[in-house]
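Colleague:
Numbering (the UniProt record's numbering), first residue to last: 1 to 441.
Pasting the structure below:
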């Protein structure tokens with residue numbers, strides 16, 4: 001299928017060097033339609049190879065066809081810095097030997113440095129909406145010559161509140177362009193609306209069933225009575241998995257820092273990644289994972305999407321994800337490109353019902369597991385409902401609360417009114433009673 005691109009020898013060698021030999025499902029589906037000039041609306045599982053699906057045809061075309069104008073030829077909008085860097089890396093790998101250039105424009109770098117790079121006019125600009133909007137206001141970037149527009153992980157951009165920024169940015173691109181929108185799911189309430197505004201008669205490609213974890217990822221859960229016990233489980237799991245890299249997710253930065261500090265004292269080095277780090281610190285951690293400097297990464301959901309680390313064999317949810325979609329993206333950090341992966345969720349008593357909700361959302365059941373010598377005092381609920389949730393006292397809903405309020409109001413009306421007290425009674429004195437007339441004096 002790659003033969004359809006009529007690749008020049010340097011590009012073919014670059015693909016072989018970086019292991020791009022056989023096309024993935026998303027590449028087989030997207031590349032021919034992209035070559036036909038179609039606008040595309042695509043949903044695909046994480047780790048499916050979609051970056052190569054849209055970068056490879058661009059690089060090949062830019063090498064063969066001279067630019068119609070002198071400006072930036074392709075714009076790729078992404079939600080996070082890590083995803084921007086990952087796509088830029090693919091651009092470098094494929095375009096370095098054929099003089100097709102890319103640039104990653106994100107927060108965390110100085111405007112002076114970025115202005116210098118933009119003056120060189122890269123062929124492909126990969127940008128986060130916030131930073132690109134700032135450069136557009138300063139007049140340091142021009143989108144008038146865009147031929148390709150790609151919105152990658154559009155659902156995440158919408159969740160992060162970038163809708164208005166994306167629409168403002170795309171309004172500065174020419175109407176005659178080819179647009180591709182990629183999303184993990186097409187049933188996101190805002191994705192279809194954005195597609196209607198930005199795409200022209202698009203072809204929809206839905207490669208995989210939505211809300212599913214790839215079959216090559218084994219999903220397990222382990223019960224834990226508290227965080228201290230979870231830390232012991234993490235230590236045991238990390239020691240158990242010596243061949244591959246491990247990513248551990250927490251729900252808060254504080255917990256991530258505490259856990260990384262404890263793991264760092266062990267034999268394996270542990271990296272830390274969260275939103276409060278500087279761009280330089282984040283780059284160092286990601287590079288350390290790619291080079292093998294770190295075998296363990298402790299992170300928040302900042303790494304749940306857009307982080308492609310091919311050697312991750314195990315994902316641990318120290319804290320269970322708050323939503324099914326976030327769980328889906330977390331576990332998608334393992335099992336990349338069809339490799340076997342494992343996802344283990346550590347479940348405390350207050351997380352049982354959340355786990356049941358996630359399983360129901362994904363239409364799956366996690367396998368229960370235990371570690372030798374580590375048995376939790378919590379062994380799950382005594383009884384569960386058909387939904388998988390634990391039996392417990394039902395919380396009053398809005399209707400129940402309204403009924404209770406009305407009942408209390410009615411009871412208040414039925415109470416007999418108390419006689420008004422005199423000023424003396426309010427001050428604590430009881431008035432003297434007069435004797436009845438006719439009594440003996």
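The beta-carbon is built from N, C-alpha and C at its ideal position, and this holds for glycine as well.
1) Is there contact here, the segment 246 to 264 with the segment 305 to 321, by at least three beta-carbon pairs under 8 Å?
2) Could you check what DSSP says for residue 460 in three-state terms: helix, strand or coil?
3) Decide if residue 217 is buried, meaning its Cβ has at least 16 other Cβ atoms within 10 Å, or exposed.
4) Let me know the secondary structure DSSP gives residue 171 once reduced to three states.
5) With 16 other CB atoms within 10 Å as the buried threshold, where does residue 7 fall?
6) Below 7 Å between beta carbons: does that hold for residue 352 and residue 386?
7) Starting from residue 92, trace the beta strand (DSSP E) both ways and give me its first and last residue.
8) Which of the three DSSP states is assigned to residue 439 in this structure?
9) Might you give, ordered along the chain, the residues of its own chain that have their beta carbon closer than 8 Å to the beta carbon of residue 282, omitting 5 neighbours on each side?
10) Excluding the 5 residues preceding and the 5 following residue 246 in the sequence, name in chain order all residues of the same chain whose CB lies nearer than 8 Å to its CB.
11) Which of the three DSSP states, helix, strand or coil, is assigned to residue 341?
12) Do residue 150 and residue 76 have their CB atoms nearer than 7 Å?
13) Checking 7 Å against the spacing of the C-beta atoms, do residue 308 and residue 86 come in under that value?
14) Would you call the segment 330 to 341 and the segment 210 to 230 in contact, with 3 or more CB pairs under 8 Å?
15) According to DSSP, simplified to helix, strand and coil, what is residue 327?
16) Contact defined as beta carbons within less than 8 Å: I believe residue 251 pairs with residue 322. What is the distance between those atoms, to the nearest angstrom?
17) Identify whether residue 116 lies in helix, strand or coil by the three-state DSSP scheme.
18) Among 188, 186 and 198, which residue has its Cα nearest to the Cα of residue 443?
19) How long is the line joining the alpha carbons of residue 326 and residue 408, rounded to whole angstroms?
20) Determine the DSSP secondary structure at residue 150, reduced to helix, strand or coil.
21) Go ahead and label residue 9 buried or exposed: buried means 16 or more other beta carbons lie within 10 angstroms of its beta carbon, across all protein chains shown.
22) Under the three-state reduction of DSSP, which class applies to residue 379: helix, strand or coil?
23) Does the distance from the CB of residue 67 to the CB of residue 34 come in under 7 Å?
24) Just the C-alpha distance for residue 155 and residue 131, rounded to the nearest angstrom, thanks.
25) Leaving out the 5 sequence neighbours to the left and right, which residues in its chain are closer than 8 Å to residue 366 when beta-carbon positions are compared?
26) Within 10 angstroms of the Cβ of residue 441, are there 16 or more other Cβ atoms? Answer buried if so, exposed if not.
27) Taking Cβ positions, are residue 465 and residue 153 nearer each other than 7 Å?
28) Thinking C-beta only, is residue 126 closer than 7 Å to residue 104?
29) Report the CB separation of residue 302 from residue 275 in whole angstroms; it is logged as a contact under 8 Å.
30) Would you decide whether residue 382 is buried or exposed? Buried here means 16 or more other CB atoms lie within 10 Å of its CB.
31) Taking only the alpha-carbon atoms, compute the straight-line gap between residue 185 and residue 44 and give it to the nearest angstrom.
32) Using 7 Å as the threshold, is the C-beta distance between residue 224 and residue 376 below it?
33) Output the residue ranges of the beta strand (DSSP E) runs that lie fully inside the segment 199 to 227 and measure 3 residues or longer, sorted by chain position.
34) Reducing DSSP to helix, strand and coil, say where residue 294 ends up.
35) I'd like to check one pair, residue 158 with residue 190: are the Cβ atoms closer than 7 Å?
36) Apart from the five residues on each side of it in sequence, which residues of its chain come closer than 6 Å, Cβ to Cβ, to residue 204?
Modeller: A quick look at the data gives this:
1) The count of Cβ pairs closer than 8 Å, one atom from the segment 246 to 264 and one from the segment 305 to 321, reaches three, so the stretches are in contact.
2) Examination of residue 460 is not possible in this model, given that the chain is present from 1 through 441 alone.
3) By the Cβ-count criterion, residue 217 is buried, with 16 or more other Cβ atoms from all chains shown falling within 10 Å of its own Cβ.
4) Collapsing the DSSP output to three states places residue 171 in coil.
5) Buried, because 16 or more other Cβ atoms sit within 10 Å of the Cβ of residue 7.
6) Result no, Cβ atoms of residue 352 and residue 386 do not sit closer than 7 Å.
7) Segment 81 to 95 is the alpha helix (DSSP H) holding residue 92; no beta strand (DSSP E) there.
8) Here the model assigns residue 439 a pLDDT of 43, short of 50, so the residue's position is not dependable, and the following value carries that caveat. Residue 439: coil per DSSP, three-state reduction.
9) Cβ neighbours of residue 282 beyond the five flanking positions: 81, 82, 108 and 273.
10) Excluding positions up to five away in sequence, the list reads 237, 238, 295, 296, 297, 312, 313, 314, 315 and 316.
11) Three-state result, residue 341: strand.
12) A contact, by the Cβ cut-off of 7 Å.
13) Yes.
14) Touching, yes.
15) Helix.
16) The C-beta distance from residue 251 to residue 322 rounds to 7 Å, short enough to meet the 8 Å contact threshold.
17) DSSP, read as helix, strand or coil, puts residue 116 in helix.
18) Coverage of the chain is limited to positions 1 through 441, which leaves residue 443 absent and any answer about it impossible.
19) Rounded to whole angstroms, residue 326 to residue 408 spans 42 Å at the Cα level.
20) For residue 150, the secondary structure class from DSSP, reduced to helix, strand or coil, is strand.
21) Under a 10 Å Cβ-count criterion, residue 9 is classified as exposed, with fewer than 16 other Cβ atoms of the shown protein chains found around its own Cβ.
22) Coil.
23) Contact flag unset, no.
24) When only Cα atoms are considered, residue 155 and residue 131 end up about 19 Å apart.
25) Around residue 366: 219, 220, 221, 345, 355 and 359.
26) Confidence at residue 441 is low in this model, with a pLDDT of 39, below 50, so its placement is unreliable and no value can be given for it.
27) As shown, the chain starts at 1 and ends at 441. That puts residue 465 outside it, with no answer to give.
28) Yes, the Cβ-Cβ distance between residue 104 and residue 126 is below 7 Å.
29) Taking 8 Å as the upper bound for CB-CB distance, residue 302 and residue 275 are in contact here, some 5 Å apart.
30) Exposed, since its Cβ has fewer than 16 Cβ neighbours within 10 Å.
31) Residue 185 and residue 44: Cα-Cα distance of roughly 8 Å.
32) It is a contact, given that the beta carbons lie within the stated cut-off.
33) You should have 203 to 206 and 217 to 223.
34) The three-state secondary structure of residue 294, taken from DSSP, is coil.
35) Going by C-beta atoms, residue 190 is nearer than 7 Å to residue 158.
36) Only 41 meet the Cβ criterion.
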